[in-house]
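Since the structure comes first, as structure tokens, the remarks are kept for the end.
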Amino acid sequence: MRFSLTFRGPLPANGDPVDKQLIRRQFHPQLKQLWTVPPLDKHVTTLLSEEQTLRPCIISRLGGFRFAPLVSTKLQMIAKLQVFFLRPEAPGNLITQGGDIDNRLKTLFDALRMPRVVAELPANDTPREGEDPFFCLLEDDALITEIDVKTDMLLDAAAKKSSAELLIRIETGAVAMSWSNMDLA
């Protein structure tokens, strides 16, 4: 399966739980929409149901959230990412005022995955309207098997130093084919 996600906003180096959850909240509605179109629309009642047993349920509970990671070990899936990263600095400045690119990408990868422990969520955060389940791309960022990053200058005079505009092209694949992931890979 191939699709794209977009992001616009602050992408700090070494982001904290609040930063990462704000980024997740930009991806959530895009991923929620993805579940309404083929091939995912056929799997909503099975993969998102904690009551059925024919296919593995991808829902993981953490704090007050029910996370629904598309790429998960339960489905034996992996992801390849192509990231087009616009930032308000000249190309080639890898060590920057907005933070070095590798730590900013680490913040992004952490935001693409569901939190592992409650401490990775902002204190007292609860699901907002429409966030049950809370859709995210990855169960774990270790499921990313390939990354291609291209950077360029964000031509926006009003952009803050930590601002970024991202176009993320995702290609999912399967480690092993099964009935659960056959048309998702």
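What the sequence shown shows, in the working numbering, is residues 172 to 356, in sequence order.
Note that beta-carbon positions come from the ideal geometry of N, C-alpha and C, so glycine has one too.
{"Item": "Within the region 194-260, ranges of the beta strand (DSSP E) (whole runs, at least 3 residues)", "Value": "231-233, 236-242 and 248-258"}
{"Item": "Proximity below 9 Å, CB of F280 to CB of L337", "Value": "no"}
{"Item": "Own chain residues within Cβ distance below 8 Å of A261, not counting five before or after", "Value": "M324"}
{"Item": "Helix, strand or coil at A330 [DSSP, three-state]", "Value": "coil"}
{"Item": "Per DSSP, cross-strand counterpart(s) of G180", "Value": "A335"}
{"Item": "Touch test, the region 307-318 against the region 195-202, Cβ-Cβ under 8 Å, three pairs minimum", "Value": "yes"}
{"Item": "Inter-stretch contact at 8 Å, needing at least 3 Cβ pairs: the region 329-347 / the region 234-249", "Value": "yes"}
{"Item": "Whole-angstrom C-beta distance between D354 and P210, which should lie under 8 Å", "Value": "4 Å"}
{"Item": "Secondary structure of L283, DSSP reduced to three states", "Value": "helix"}
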